[in-house]
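J.:
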Amino acid sequence: MTKFLIAFTAVFVGASAQNATNRFPDNFMFGAATAAYQIEGAWNEDGKGESIQDYFFHNYPEYTTGDTGDVACDSYHRYQEDVQMLKALNADVYRFSISWPRVLPTGDVDVINQPGIDYYNNLINELLANGIQPVVTMYHFDLPQALQYIGGWPNEMLADYFVQYARILFQNFGDRVKWWITFNEPAVFVNGYAAEGIAPSQPASGIGDYLATHTVIKAHARVWHLYDEEFRASQNGSVGITLNMDGLEPASNTEGENDASERARQFQMGIFAHPIYTEEGDYPLVVQQLVDDNSAREGRNHSRLPKFTQEEIEYIRGSADFLGMNHYSTNFVTPGLIGESPSKSRDSGVYTMPGGHYAWGLRNQLNWVATEYPGYPIFITENGLSNSGGLNDTDRIDYFTEYLGAVLEAINTDGVPVIGYTAWSLMDNFEWNSGYTVKFGLYEVDFNSTNRTRTPKDSASFMAEVFSSKQLPDQYSL
Ligand code: BGC
């Protein structure tokens, strides 16, 4: 018996020493993510206004599968099931988004839709009652259509509307919500002002997207200051922004390709992150120079990239408490003039080649972010794998194992301050132009059943184990 105990202790101590770097920090936040339009449905119920996504998917089937988010996962009626799924996952946090037109149907505060407020109150209370912290995105692509009729994000007045909306959110939910994300992936949604095919489908390439970028950055900064000045003392939460930061690695190790990789990162991420997260603020110099030069060459007497005043630069820099980062895969870049003229792609002088799922790309990206924007905690707000469906999703388990391994290496070996991770996605949902054909969920949703039956996939049990133990399974060792 004694012999057995000694042997057992030796194995146990040996294993824990070997896995010392296999653990996430004790206070690391794990959970899953969704977005309002992709799961809620109830698109016109109880006073909700139309969003640009409702409008787009109803009116532009030529760009899509013809499906819509009208019903989606029906989470507006089934949020209690969603919370039970999160509980079964042992989630610490749930990242969801609030639909602006569900709360303010016209986008303005002339109409405050109480059933919309009630819905999010119920969801938040249900989460807290089950020990899960809400992480709330204020804007995940679903602008009130009423505000698109006045031009949408290229119109700087949108910042005023967004600040009013944010105030309503802080007032109604800020007593219980401690993690706020102003915008999800602005680099993606400003494309709706550059090209057709993504809402609101306004093809003003190389102009509309920069104007929208400018408004979004100002709106973000104003909301952070609003929180800081009027709500932080009593509510004590954090406000950040989520940027898409897929890997943009040089195709090979030449100077030209290394420069292209840096330019690609600055045009995709730096354009939003540099004004907010660096000491000097403002757009990255390389972005300013290239867009200004190209604009002059095109015979314009002003740059297509709007300018911040010195006062604005100072007001915007430092306007975040953490940095939210979405990462799915890594692409490879090489110098090249690609895309219509004018366009952001052509301005960047980068040709992007499709890559794949290389977990080292996430580790590199995290290191790039930590070096470029020191001092900010990083919250990985999306990471996940799509497939065509099925409950035995070993591909997804492999993906999460490798990517979480890369996060561990970034934290434990490189010292990158990653504080949380929400997998995309809690359940299969409406994947934008791919409709219901592409599956990202830890839970399967039967879109043919009226009650949208949810069933856990193998990846749900895997993640439940990781989330509760805060470590990767033993077979994964760094
Ligand atoms: C978006 C999600 C989307 C996911 C998978 C991200 O770009 O934030 O809304 O479903 O990627 O494509």
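Just so you know, the sequence shown maps onto residues -8 to 469 in the working numbering. By construction, the Cβ of each residue, glycine as well, lies at the ideal position given by its N, Cα and C atoms. Treat the numbers as computed from the prediction; the structure is a model and nothing was measured.
From what residue to what residue does the beta strand (DSSP E) around Gln259 run?
T.: Run containing Gln259: none; DSSP gives neither H nor E here.
J.: What are the boundary residues of the beta strand (DSSP E) that Tyr152 is part of?
T.: Taken as a continuous stretch (DSSP letters only), Tyr152 belongs to no beta strand (DSSP E), being part of the alpha helix (DSSP H) at Leu149 to Phe164.
J.: Rounded C-beta distance between Asn322 and Gly238? I'm assuming under 8 Å.
T.: Right, their Cβ atoms sit about 7 Å apart.
J.: Would you kindly work out how many angstroms separate the C-alpha atoms of Ala190 and Asp419, rounded to a whole number?
T.: Computed Cα separation, rounded: 21 Å.
J.: Could you tell me whether any non-hydrogen atom of the ligand BGC is closer than 8 Å to the CB of Trp423?
T.: Answer for Trp423: yes, Cβ within range of the ligand BGC.
J.: With a cut-off of 8 Å on the beta carbons, I'd call Leu395 and Glu435 a contact; round off their distance for me.
T.: Not confirmed; about 21 Å, so no contact.
J.: In this structure, does DSSP put Val126 in helix, strand or coil?
T.: Val126 falls in the strand class under three-state DSSP.
J.: For the ligand BGC, any of its heavy atoms closer than 8 Å to the Cβ of Met131?
T.: It should be noted that the sequence gives His, not Met, for residue 131. For the ligand BGC, at least one heavy atom lies less than 8 Å from the Cβ of His131.
J.: Looking only at C-alpha atoms, which of Glu72, Ile43, Thr56 and Lys169 sits nearest to Asp312?
T.: Ranking Glu72, Ile43, Thr56 and Lys169 by Cα distance to Asp312 puts Lys169 first.
J.: Go ahead and pull the three-state DSSP assignment for Phe453.
T.: The answer is helix: DSSP assigns Phe453 an H, G or I state.
J.: Buried or exposed, going by whether 16 or more other CB atoms sit within 10 Å of the CB of His205?
T.: Per the 10 Å Cβ criterion, buried.
J.: Any heavy atom of the ligand BGC closer than 8 Å to the Cβ of Ser377?
T.: At least one heavy atom of the ligand BGC is nearer than 8 Å to the Cβ of Ser377, so yes.
J.: May I ask you to list the residues that DSSP assigns as paired with Gln462?
T.: Paired residues: Arg14.
J.: Applying the 10 Å Cβ sphere with the 16-neighbour rule, what's the burial state of Val102?
T.: Classification of Val102: exposed, given that the 10 Å Cβ count is below 16.
J.: Is Ala63 near the ligand GDP, in the sense that its beta carbon is under 8 Å from a heavy atom of that ligand?
T.: Within the structure as shown, the ligand GDP is missing, the only ligands being the ligand BGC.
J.: Based on the DSSP output, what are the partners of Trp171 in its beta bridges?
T.: Note: Trp171 sits in a beta bridge opposite Val127 and Val230.
J.: Any heavy atom of the ligand BGC inside 8 Å of the beta-carbon of Tyr85?
T.: No, since every heavy atom of the ligand BGC falls outside the 8 Å radius drawn around the Cβ of Tyr85.
J.: Under the three-state reduction of DSSP, which class applies to Pro326: helix, strand or coil?
T.: In the structure shown, Pro326 sits in a strand (DSSP, three-state: E or B).
J.: Should Glu373 be counted as a contact of the ligand BGC given a C-beta to heavy atom distance under 8 Å?
T.: Glu373 Cβ: within cutoff of the ligand BGC.
J.: So, helix, strand or coil for Trp34, using DSSP?
T.: Three-state result, Trp34: coil.
J.: Given that a residue counts as buried once 16 or more other Cβ atoms are within 10 Å of its Cβ, and exposed if not, what is Asp133?
T.: Buried.
J.: In whole angstroms, give me the CA-to-CA distance for Ala255 and Asn121.
T.: Approximately 42 Å, taken between the alpha carbons.
J.: Kindly indicate the opening and closing residues of the alpha helix (DSSP H) around Ala203.
T.: Element bounds for Ala203: Gly199 to Leu217.
J.: Comparing the CB of Phe431 with every heavy atom of the ligand BGC, is any distance shorter than 8 Å?
T.: Yes - the ligand BGC has a heavy atom lying nearer than 8 Å to the Cβ of Phe431.
J.: Ser416: beta carbon under 8 Å from a heavy atom of the ligand BGC?
T.: Under cutoff, so the answer is yes.
J.: Output yes if chain B places a C-beta closer than 9 Å to the C-beta of Arg158; else output no.
T.: Reference to chain B is not applicable here, since this structure consists of a single protein chain.
J.: Compute the distance between the beta-carbons of Thr59 and Phe421, then report whether it is under 9 Å.
T.: Yes. Within cutoff.
J.: Just to confirm, does Glu31 get its C-beta within under 8 Å of one of the non-hydrogen atoms of the ligand BGC?
T.: Not so, every heavy atom of the ligand BGC lies at least 8 Å from the Cβ.
J.: Give a yes or no on whether the C-beta atoms belonging to Val127 and Leu160 are separated by under 9 Å.
T.: Closer than 9 Å, so yes.
J.: Rounded C-beta distance between Tyr28 and Ser90? I'm assuming under 8 Å.
T.: Indeed, because the Cβ distance is near 7 Å, the residues count as touching under 8 Å.
J.: With respect to 8 Å, is the separation between the Cβ of Asn322 and the closest non-hydrogen atom of the ligand BGC below this value?
T.: No, the Cβ of Asn322 stays beyond 8 Å of every heavy atom of the ligand BGC.
J.: If you follow the alpha helix (DSSP H) that Leu314 is in, where does it begin and where does it stop?
T.: Looking at the DSSP string, Leu314 is not in any alpha helix (DSSP H); the run it does join, the beta strand (DSSP E), is Phe313 to Asn317.
J.: With hydrogens ignored, establish whether the beta-carbon of Glu176 is closer than 8 Å to any heavy atom of the ligand BGC.
T.: Answer for Glu176: yes, Cβ within range of the ligand BGC.
J.: Among residues of its own chain, excluding the 5 on either side of Val407, which ones have a beta-carbon nearer than 7 Å to its beta-carbon?
T.: So the qualifying residues of the chain are Leu357, Asn358, Ala361, Ile369 and Ala401.
J.: For Met236, does the three-state DSSP call read helix, strand or coil?
T.: Met236 falls in the coil class under three-state DSSP.
J.: Under 8 Å: does the beta carbon of Val179 sit that close to some heavy atom of the ligand BGC?
T.: Within the cutoff, so yes.
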